[in-house]
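Heads up: the structure comes next, in structure tokens.
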Amino acid sequence: MPSHDMTALADASAAASTVGSEWWRSAVIYQIYPRSFADASGDGIGDLPGVTTHLDDLKQLGVDAIWLSPFMTSPQKDAGYDVADYCDVDPLFGTLGDFDDMLEAAHARGIRVIVDLVPNHSSDQHVWFQEALAAAPGSAERARYMFRDGKGENGELPPNNWESVFGGDAWTRVTEADGTPGQWYLHLFDTSQPDFDWSNEVVRAEFRRILRFWLDRGTDGFRVDVAHGLVKEAGLPDYTPDPESGSMGGDEADVPYWGQPGVHEVYRDWHGVLAEYDGDRALCAEAWLPTIEKTALWVRPDEMHQAFNFEYLETAWDAAKLRAVITESLRAYPAVGAPSTWVLSNHDVVRHASRLALTAENPQGFGIGPNSPGTPIADVGLRRARAATSVMLALPGSAYLYQGEELGLPEVIDISDDARQDPTWFRTKGERYGRDGCRVPLPWDATGPAYGFSPDGASWLPQPAEWATFARDVQVDDPASTLSLYRALLAERRARDLGVSALEWVDGLGDDVIAFHNGNVTVIANLGETPIAIPAGTVIVTSERLTGDTLPVDTTVWLERH
Ligand code: BGC
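Our numbering numbers the first residue of the sequence shown as 31 and each following residue consecutively.
And the structure:
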């Protein structure tokens with residue numbers, strides 16, 4: 031294992047050894063979706079050496095940490111969220127040596143590295159699952175997963191009525207070694223993603239080992255996939271989800287496989303493992319729950335450190351609703367000693383440069399495609415996205431960015447059916463478009479092969495022609511570009527310590543306005559339909575060019591506070 035040059039990181043967190051000053055309380059964390067970030071090998075799929083190549087660009091952007099979606103050994107049935115070996119790198123993405131090199135290069139630049147851990151399920155190609163298939167019902171091998179006998183006279187019916195998040199049944203029947211139809215196993219996601227049984231201590235011990243494997247290599251933390259799903263209600267009672275609810279069932283209370291109380295024990299245990307290491311290692315929960323109050327249970331002092339604020343992500347472009355969700359977030363998370371986090375985009379949702387211009391008849395839950403009603407108007411979406419990010423990066427707490435949002439990338443809507451890859455698309459027989467539209471490989475260079483993504487021009491999802499106008503190289507020196515806006519916001523946020531300051535609402539500017547002080551900055555965002563007058567003052571940064579002393583619609587300004 032390499033010895034890491036930790037000087038830059040030590041500088042970045044000189045004060046971060048006392049409770050309350052840890053780096054993750056205010057960090058801006060940039061999500062890398064490795065297969066779509068940058069391809070060094072030329073096979074059309076991004077990889078770890080591609081990440082290393084662009085670390086200087088991320089340093090220049092001004093982020094504190096990167097989180098990488100899974101790059102472990104995987105048959106890629108769910109783009110790597112189906113892990114066959116938790117302690118190795120899939121050859122598609124490189125080698126463990128490439129990971130060590132990337133981590134060392136990131137640390138040398140003062141950028142921390144968060145790894146995605148998938149504990150709810152493995153791949154069906156994981157050696158444990160293969161052993162389980164070969165073993166008999168009731169064996170120790172089967173007990174690491176959720177195998178059950180079927181209902182009906184000959185066990186021909188699934189053990190209960192649960193549905194997969196990706197559509198279809200959540201149970202698949204296996205054929206036993208003697209060739210007869212046998213038991214069923216649970217998979218809350220694709221058939222190729224069998225759920226572990228977290229009541230089994232063997233599973234718990236294995237994940238402690240996996241955590242230590244990555245912590246020993248210098249990893250700064252983990253984004254924990256489906257962190258609300260590990261423990262299932264005893265007896266596995268039937269449950270029918272509301273068809274209108276989000277794909278992760280987050281809107282509903284009392285789901286027998288989401289948010290069960292027993293899951294907290296797992297994270298208390300993991301908290302202890304991370305605490306054995308120096309450097310304020312952190313856990314961030316991907317937990318879709320019905321309220322902020324509930325999500326805050328995941329970040330009590332002896333559990334995880336952060337949880338994604340999906341309530342914020344799901345809030346419409348509406349001043350009153352945003353004020354309410356910000357107020358509640360800044361109450362509920364600090365009430366348990368945690369920072370609030372903020373996020374607008376990730377690899378599972380419609381990019382916010384499109385989502386914020388969707389109309390009510392086109393809900394964002396299951397992705398958008400050529401036949402979705404109410405195609406978002408691109409200019410409106412981008413303008414709102416720039417204004418929304420300018421609000422988000424002024425908020426106290428930790429913020430997550432998703433690769434490409436700093437370029438203003440929209441959702442790619444026009445992907446042909448035969449190019450689609452998301453299991454959601456296949457499992458719902460085309461009824462839900464799924465998530466391919468936010469996963470299209472990044473444009474780095476307007477005129478290069480695959481817009482600079484891959485040396486030979488290959489790309490695992492087709493890139494649209496408009497990628498040329500969004501490419502990083504055409505934005506980097508343009509002061510009006512979205513990239514320049516993000517760089518300015520991040521530089522000012524850091525210089526003015528906005529991540530650790532306190533928010534104070536400013537009233538009296540109108541119902542369609544969000545206005546607050548944070549530290550020495552006054553932030554005003556106009557979400558209404560007419561320009562508003564703004565107080566005289568020195569402009570620090572603005573999401574659109576200002577002419578005169580009014581703030582146009584869908585625009586945010588940061589002013590020096592008086
Ligand atoms: C990830 C998804 C993935 C699912 C199953 C999540 O919530 O973010 O991309 O498909 O978990 O692992």
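The beta carbon of each residue, even a glycine, is placed where N, CA and C say it ideally should be. Bear in mind the structure is a predicted one, so any value in this text is a computation, not a measurement.
Check	Outcome
Can you list, in chain order, the residues of its chain with a C-beta nearer than 8 Å to that of K351? Leave out the 5 residues immediately preceding and following it.	T345
Contact defined as beta carbons within less than 8 Å: I believe D593 pairs with P64. What is the distance between those atoms, to the nearest angstrom?	The question about residue 593 has no answer here: the residues shown for the chain are numbered 31 through 592.
Going along the chain, which residues of its own chain have a beta-carbon closer than 6 Å to the beta-carbon of G578, five neighbours each way excluded?	none
Does the beta-carbon of H592 have 16 or more other beta-carbons within 10 angstroms, so that it is buried, or is it exposed?	exposed
By Cβ distance, which residues of its chain are closer than 6 Å to A42, with the 5 residues on each side in sequence left out?	Note on A42: pLDDT 49, under 50, position unreliable in the model; the coordinate value appears next. The answer, listed in chain order, is G140.
In chain order, what residues of the same chain lie with their CB nearer than 6 Å to the CB of S555, ignoring the 5 residues before and after it?	A small fix is needed here, since residue 555 is Ala in this sequence, not Ser. Cβ within range, chain order: A417, V421, I544 and T586.
Buried or exposed, going by whether 16 or more other CB atoms sit within 10 Å of the CB of T552?	buried
By DSSP, does R523 sit in helix, in strand, or in coil?	helix
Starting from M102, follow its DSSP beta bridges and name the residues at the other end.	V119
Between V195 and L327, what straight-line distance do the alpha-carbon atoms span, to the nearest angstrom?	23 Å
Using beta-carbon positions only, say whether L313 and F237 come within less than 8 Å of one another.	no
Which term fits S33, buried or exposed, when burial requires 16 or more other beta carbons within 10 angstroms of its beta carbon?	Any reading at S33 must be qualified, since the residue scores a pLDDT of 42, below 50, and its modelled position is unreliable; no value is offered.
Taking the CB atoms as reference points, tell me whether S17 and P406 lie closer together than 8 Å.	Because the chain spans 31 through 592 in this model, residue 17 falls outside it and cannot be assessed.
Measuring straight from C-alpha to C-alpha, what distance separates A387 and E441?	11 Å
DSSP on S47, reduced to helix/strand/coil?	With a pLDDT of 49 at S47, under the threshold of 50, the modelled position of this residue cannot be trusted; read the value that follows with caution. Coil at S47, not helix or strand.
Can you tell me whether K181 is buried or exposed, with buried defined as 16 or more other CB within 10 angstroms of its CB?	exposed
Whose CA, out of R526, G487 and P471, lies closest to the CA of S66?	P471
With a cut-off of 8 Å on the beta carbons, I'd call Y215 and Y175 a contact; round off their distance for me.	6 Å
Residue ranges of each alpha helix (DSSP H) run of no fewer than 4 residues wholly in the stretch 411-472, ordered along the chain?	453-457
Does DSSP put R178 in a helix, a strand or coil?	strand
Give me the DSSP bridge partner(s) of N556.	V543 and T585
Please determine whether the Cβ atom of D108 lies at a distance below 7 Å from any heavy atom of ligand 1.	yes
Hey, how far is the Cα of E559 from the Cα of T477?	38 Å
Three or more beta-carbon pairs under 8 Å between the stretch 303-310 and the stretch 362-377, yes or no?	no
Given the structure, does F219 come close to ligand 1, in the sense that its CB is under 7 Å from one of the ligand's heavy atoms?	yes
Which first and last residues belong to the beta strand (DSSP E) in which F252 is found?	G251 to V254
May I ask whether a heavy atom of ligand 1 can be found less than 7 Å away from the beta carbon of H258?	no
So what does DSSP say about G487, is it helix, strand or coil?	coil
Measure the alpha-carbon distance for A498 versus V329 and round it to whole angstroms.	42 Å
Confirm, please, whether the CB-CB distance from D225 to D108 is below 8 Å.	no
Consult DSSP for H151 and reduce its assignment to one of helix, strand or coil.	strand
Within 10 angstroms of its Cβ, does E436 collect 16 or more other Cβ (buried), or is it exposed?	buried
Compute the minimum distance between the beta carbon of D378 and the heavy atoms of ligand 1, and state whether it is under 7 Å.	yes
Is it the case that the Cβ atoms of Q106 and Q433 are separated by a distance below 8 Å?	no
Hey, is the stretch 504-514 in contact with the stretch 528-542, meaning 3+ C-beta pairs nearer than 8 Å?	no
According to DSSP, which residues form a beta bridge with N548?	L533 and V551
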